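Protein chains in written order, with the working numbering: chain A, 184 to 525; chain B, 161 to 488; chain C, 14 to 654. Step one of this worksheet: look at the structure below.
Structure (structure tokens):
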């Protein structure tokens, strides 16, 4: 019963956060001065008709929201405007229909551009997360189990060093290394590989994934190692571990049956919180390796000041992270009996 | 209003919201932490409030200190209603009622020196602005609390002291304001038996040397016999028996008091005696049993106990108990 | 006693505390390394004009030959795409990176600190609103948002500082809030309120001093994150073009062909600078954490120290005894400090079906002694002499595998706090079953379930509680469950380590009655550890009184209570409140038990003993037999013999 309530609460909360992101996105792109569409409207060299044409073209002739002509609070507009005919509503309606505008650079719909790239990012983050969590857990368990030995110290120092690396710089270093070892350096597939049989296509993608995934794994493994270690240290100092030892269980049984699950719980929370941060890593990695994901889209859009793409990518990434966060919360609720049965 | 009773509590209730049982349920549930408690206190009198955990004694102490707002009822101090005071009005009052907490490890700030801790109440109330006068008061409070010689302790930190010494520091910090009432919430239950005696002795001394009235809250009836004038036994938010120390300890009338007394460990194997061991545990104060709240665990309950809530039966001028078996 | 009151000298406490802090911090090797690494870069940034061979804006006279020169004697780090000296840019870049890092972190720490403090301290609606905002900000991926904002504004240094600062406070707010909540719930805050202190006073005197350490560690972390974020923004092309930070240098080099030319120096050194600073900060943060929020890096799975035997010890078990402890001594080994002699030369015998009470104040070595019987001591503990015989086997000498067959099967333990001694994420029934499976692997599933229900029934828990978790049990039920678990494998001996201490009197009586009846029903031998002589009198056959790690007195229960000879036992009995003999004043033992690392030279009780004489302060008394089954260690008794 309470579990359902928690679930509904989390769900409502996630939806609210998504709404917040959508509103934030709308206003960011209208309050901040950078968007060339509106900058163009203010260009004094343009004729009045040209300005009007631009305003209609970008929908700027409509009031921003009901009662407001623009975002300047002094410029109050009429409140009799049909709320459905405001810039904000049109923006939301477009968003709901999956319409994110047209790229300034390629003149293609932003939604189409991002749709093909989303899965590449999910692939990279997914593979990287799984590897870094697995390695982090194993290292963390060994470090905690063999606390205050050489194994422990080297695991901690290595983790701290990995944590301190700027992602893009590690990517550049691995790029150097890869170029000397014949690994593919850029992109997701060898040009022309789409003609090959499916299995070879996958193998091709796999080889292209090696360097980006390796970068991702090294960057985040350190953090997971440290968290797993400290969480396991806490658990292993608990009285119930002493009980387990008194029961005559072997060290392996104690680790497996009493320590791991308890220690994994804090890790799940951290993974959930971290999702927002790991996207930062993905953007940098994709930029260096030209991995055709959302991060590369952002990188290119920044260079070209292609704002519709930037806007779309931000909304898409934010929603994806919020969704993933919700899933992580669910996992936690499922794993910890103390949440279910309070 | 009886002037002799300088602290009087009438019909005090405190209910905490316990949330709704279901998402869309209409009835709200309450924790009946303190449920209609009345008693009074004379000058330099020691009253012991005794009960198991969940009986509401700690909530009662917070109500008396004005750290929680009562749901109903009133508290009078020197004839004045102090139930609902603004914090500014209460500040003056706080000098007169001071509190000692259960856990001396927790009730001292680890980053403060002993001097800072004992000086703090003076600082808060802006009294004894003159340094010499302040030092004198601090030293006096410390020596009264048995921290002698005081100089030795001034610059130490709490972690450098033993449990008993820490509890003395807490008491000194209360004494420095020269209070009239000391509210001691389980002051010895975290201490070893051998240390308990000296803290209880200290409290007993203070009521004589400083004329302080003490409200002594404990779960252990065995430790109250030495200095309490009166004893009130609480069960599920209510006082079930109250009387002088001898009346309650030697002629208990309520079956709960009888059971509590019978399980006090006697440190002599030759005096092994019959014990009344109640089954089960104190029920959740959210679902207080109907009728007499003690009847589900009562060894002598009869049929009517299920239905009617017993009134307080006066047994002597000072002794009363709430049990249907006493109603004649 | 002198009556003049000395005026307390005002001391410079802050200087004192700072010095104290430095003394502790300087022992953290990791912290010192981090501090030195950070200082090197900070000094380099401050004295950049003196260090750098070229002015950072001297690219006016660049020749085409100057571009991407490898490191040489003139340009130590080579030259970049604009022909500038990489070393000079590297030195000046430190200024930009550190400026952004420190100022952005300052903004984050202020916002996060205030948000966390207000939310944690005031609670209620404030907390709700603030933490909801924090949660939203935490979930929204920060780098994409920074990219969007910086791209839409002018990428200037000031903008970057503000964007990083304004988006980087969420973790600080959460950390500060939870620490504030933890501090606020502590009793000294309630005590301050009871004294009449206002919010301002409580926050400044009680909350802040305890939140500060966390905030300092967090601050170091936030600086390093800000530096990483700045470099990422710059690398993505959103850096301030007029301020050449390390990230900006990498952006130019990477974007302008350093890869294809193979100009590794233009890519290596700036990145190395970032790693250096961030690693320095990280190590400093770790060092501070170790000092400010110290945690013991010990746990129950660290390998124990092997028992050693010194001197002459009887190496055979007495006939008929079930468990025999012979001259057991245990030390705690602390690096760089003298060993703490926690238990010294303790012997006792436990026969079948017997209940022996082990009594003493906290810190007298009771728990250490009990844990050592099954070699469950923490890793610092070591048996330095003596033997533990069980059924003819010396438990101090057998292998871990052999010992695991004795643990729980023959000797089980009921721990003090059942809440902590049960695993919170496994059901009670499952934890009981686990012990049975371990020692009877062949048992089939149905029989196992029947046995678990039978055990729960034995301690008075209904079968439908089997699938519940420990947190769904009440305190008394948990202790019963713990007892059921201890009975799971039909052991011969149960060690009950203060099983009733945290419980209410009535529940305590219930548990005592349960243990006593189980002992009679199942013929168990029980060692009952407690600090409460009253409890012992109710159920024990024999009593061992410990003081400061040694046996003070050992006798049958009647002798202890009526003919105690050791002054400590006598004083303990006098201090006990006794309803049957009303009196006005309790007698108490002055002083406190000795600290194990600084034991007195003579008798350990001598400083508190009302009857101590000269010899007691110089010579440790030995345990002597004063009657049948009555031992005490006291010079008085020896003298009177």
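The beta carbon of each residue, even a glycine, is placed where N, CA and C say it ideally should be. Because the structure is a prediction, the values reported are computed rather than measured.
Between C/160, C/467, C/282 and C/443, which has its C-alpha nearest residue 480 of chain A's C-alpha? For the purposes of this step, residue 480 of chain A is taken as the residue at position 297 of the first chain. Here the closest residue by C-alpha is C/160.
Below 8 angstroms on C-beta distance, what does residue 324 of chain B contact in chain C? Taking the second chain and counting its residues from 1, one reaches residue 324 of chain B at position 164. At a C-beta separation below 8 angstroms, residue 324 of chain B has these neighbours in chain C: 605.
Range covered by the alpha helix (DSSP H) that runs through residue 356 of chain B: Translated into positions along the second chain, residue 356 of chain B becomes position 196. Counting along the chain, the alpha helix (DSSP H) containing residue 356 of chain B begins and ends at 353 to 369.
Chain A contacts from the segment 442 to 455 of chain C (Cβ-Cβ distance under 9 angstroms): Going along the segment 442 to 455 of chain C in chain order, one finds 444, 447, 448, 451 and 452 with a Cβ nearer than 9 angstroms to chain A.
Please list the terminal residues of the continuous alpha helix (DSSP H) segment that includes residue 444 of chain B. As a position in the second chain, residue 444 of chain B is number 284, starting the count at 1. Neither: residue 444 of chain B is in no alpha helix (DSSP H) and is coded neither H nor E.
Put residue 270 of chain C into one of helix, strand or coil per three-state DSSP. On the third chain, residue 270 of chain C is found 257 positions in, with the first residue counted as 1. In the structure shown, residue 270 of chain C sits in coil (DSSP, three-state: anything other than H, G, I, E or B).
Check for me: the alpha helix (DSSP H) holding residue 248 of chain B runs from which residue to which? The residue labelled residue 248 of chain B in the question sits at position 88 within the second chain. For residue 248 of chain B, the enclosing alpha helix (DSSP H) starts and ends at 247 to 254.
If we define contact as Cβ-Cβ less than 8 angstroms, is residue 430 of chain C a contact residue for chain A? Start at 1 with the first residue of the third chain, and residue 430 of chain C comes out as number 417. Cβ-Cβ to chain A under 8 angstroms: yes for residue 430 of chain C.
Closer than 8 angstroms to chain C by CB, residue 386 of chain B: Working through the second chain from its first residue, we reach residue 386 of chain B at position 226. Chain C contact via Cβ: present.
Hey, would you say residue 67 of chain C sits closer than 8 angstroms to residue 98 of chain C, going by beta carbons? Within the third chain, numbered from 1, the residue matching residue 67 of chain C stands at position 54. Within the third chain, numbered from 1, the residue matching residue 98 of chain C stands at position 85. In contact: residue 67 of chain C and residue 98 of chain C (Cβ atoms closer than 8 angstroms).
Closest to residue 241 of chain B by C-alpha separation, out of B/278, B/389, B/167 and B/302, would be which residue? On the second chain, residue 241 of chain B is found 81 positions in, with the first residue counted as 1. Answer by Cα proximity: B/167.
Of all the CB atoms in chain C, is at least one closer than 8 angstroms to the CB of residue 357 of chain B? On the second chain, position 197 is the one that residue 357 of chain B refers to. Closer than 8 angstroms to the CB of residue 357 of chain B there is at least one CB belonging to chain C.
With residue 282 of chain C as the anchor, note down where its beta strand (DSSP E) starts and where it stops. Working through the third chain from its first residue, we reach residue 282 of chain C at position 269. Element bounds for residue 282 of chain C: not the beta strand (DSSP E) but the alpha helix (DSSP H), 277 to 305.
Note the first and the last residue of the continuous alpha helix (DSSP H) segment covering residue 556 of chain A. Here chain A covers residues 184 to 525 and nothing more, so residue 556 of chain A does not appear.
Mapping the DSSP letters down to three states, classify residue 200 of chain B as helix, strand or coil. Within the second chain, residue 200 of chain B is the residue found at index 40, counting from 1. It is a strand residue.
Complete alpha helix (DSSP H) runs within the segment 197 to 276 of chain C (minimum length 4 residues, chain order): If we require 4 residues or more, the alpha helix (DSSP H) runs fully inside the segment 197 to 276 of chain C come out as 200 to 208, 212 to 215, 221 to 246, 259 to 268 and 271 to 274.
So, helix, strand or coil for residue 380 of chain B, using DSSP? Taking the first residue of the second chain as 1, we reach residue 380 of chain B at position 220. In the structure shown, residue 380 of chain B sits in coil (DSSP, three-state: anything other than H, G, I, E or B).
Keeping to the same chain, check which residues put their C-beta closer than 6 angstroms to that of residue 361 of chain C; ignore five residues upstream and five downstream. To locate residue 361 of chain C, count along the third chain from 1; it is residue 348. Its chain contains 338 and 557 as the residues whose beta carbon lies nearer than 6 angstroms to that of residue 361 of chain C, once the 5 sequence neighbours on both sides are disregarded; these appear in chain order.
Quick one: give me the first and last residue of the alpha helix (DSSP H) that residue 587 of chain C is part of. For the purposes of this step, residue 587 of chain C is taken as residue 574 along the third chain, with counting starting at 1. Residue 587 of chain C -> alpha helix (DSSP H) spans 580 to 588.
Hey, would you say residue 364 of chain C sits closer than 8 angstroms to residue 422 of chain A, going by beta carbons? Within the third chain, the letter at position 351 stands for residue 364 of chain C. Within the first chain, the letter at position 239 stands for residue 422 of chain A. No Cβ-Cβ contact shorter than 8 angstroms links residue 364 of chain C with residue 422 of chain A.
From A/432, A/289 and A/312, residue whose alpha carbon lies closest to that of residue 511 of chain A: Taking the first residue of the first chain as 1, we reach residue 511 of chain A at position 328. Checked all of A/432, A/289 and A/312; the closest Cα to residue 511 of chain A is A/312.
Is the separation between the beta-carbon of residue 13 of chain C and that of residue 293 of chain C shorter than 8 angstroms? A question about residue 13 of chain C goes unanswered here, because the residues of chain C that appear run from 14 up to 654.
Could you tell me whether any Cβ in chain C is nearer than 8 angstroms to the Cβ of residue 225 of chain B? On the second chain, residue 225 of chain B is found 65 positions in, with the first residue counted as 1. At least one C-beta of chain C is nearer than 8 angstroms to the C-beta of residue 225 of chain B.
Which of the three DSSP states, helix, strand or coil, is assigned to residue 526 of chain C? By 1-based counting over the third chain, the position of residue 526 of chain C is 513. Secondary structure of residue 526 of chain C (DSSP, three-state): helix.
Any idea what DSSP makes of residue 398 of chain C, helix, strand or coil? Stepping through the third chain from its first residue, residue 398 of chain C is reached at position 385. Looking at residue 398 of chain C - three-state DSSP - the assignment turns out to be strand.
Contacts of residue 200 of chain C in chain B (Cβ-Cβ under 7 angstroms): Counting from 1 along the third chain, the entry for residue 200 of chain C is found at position 187. In chain order: 261, 263, 266 and 267.
If you draw a straight line from the C-alpha of residue 30 of chain C to the C-alpha of residue 533 of chain C, how long is it? Here residue 30 of chain C corresponds to residue number 17 of the third chain, with the count starting at 1. Here residue 533 of chain C corresponds to residue number 520 of the third chain, with the count starting at 1. Cα to Cα, residue 30 of chain C sits roughly 59 angstroms from residue 533 of chain C.
Going by C-alpha to C-alpha distance, which of C/315, C/275 and C/251 sits closest to residue 487 of chain A? Position 304 of the first chain, counted from the first residue, corresponds to residue 487 of chain A. With distances taken between Cα atoms, residue 487 of chain A lies closest to C/251.
Run through chain B and tell me which residues come within less than 7 angstroms of residue 517 of chain C, C-beta to C-beta. As a first step, residue 517 of chain C is located in the third chain; it is residue number 504 there, counting from the start. Result: 212, 213 and 379.
Going by C-alpha distance, which of B/328, B/319 and B/323 is nearest residue 310 of chain B? On the second chain, position 150 is the one that residue 310 of chain B refers to. From the listed residues B/328, B/319 and B/323, the smallest Cα separation to residue 310 of chain B is found for B/328.
Could you name the residues that DSSP lists as bridge partners for residue 232 of chain B? What you label residue 232 of chain B is simply residue 72 of the second chain in a count that begins at 1. Under the DSSP definition of a beta bridge, residue 232 of chain B partners with B/173.
Contact between the segment 296 to 303 of chain B and the segment 352 to 360 of chain B (3+ Cβ pairs under 8 angstroms): Here the segment 296 to 303 of chain B makes no contact with the segment 352 to 360 of chain B; the two share fewer than three CB pairs at distances below 8 angstroms.
Using 8 angstroms as the limit for Cβ to Cβ distance, is residue 346 of chain B near chain C? Residue 346 of chain B sits at position 186 when you count from the first residue of the second chain. Any Cβ of chain C closer than 8 angstroms to the Cβ of residue 346 of chain B would place that residue at the interface, and such an atom is absent.
Chain C contact residues for residue 389 of chain B, given Cβ-Cβ distances below 8 angstroms: For the purposes of this step, residue 389 of chain B is taken as the residue at position 229 of the second chain. Close to residue 389 of chain B, with beta-carbon spacing below 8 angstroms, lies no residue of chain C; the smallest spacing is near 12 angstroms.
Is the segment 215 to 226 of chain C touching the segment 186 to 196 of chain C in the sense that three or more CB pairs, one from each, lie closer than 8 angstroms? Here the segment 186 to 196 of chain C lies against the segment 215 to 226 of chain C, with 3 or more beta-carbon pairs under 8 angstroms apart.
Alpha carbon to alpha carbon, how far is residue 307 of chain A from residue 395 of chain A? On the first chain, residue 307 of chain A is found 124 positions in, with the first residue counted as 1. On the first chain, residue 395 of chain A is found 212 positions in, with the first residue counted as 1. Cα to Cα, residue 307 of chain A sits roughly 7 angstroms from residue 395 of chain A.
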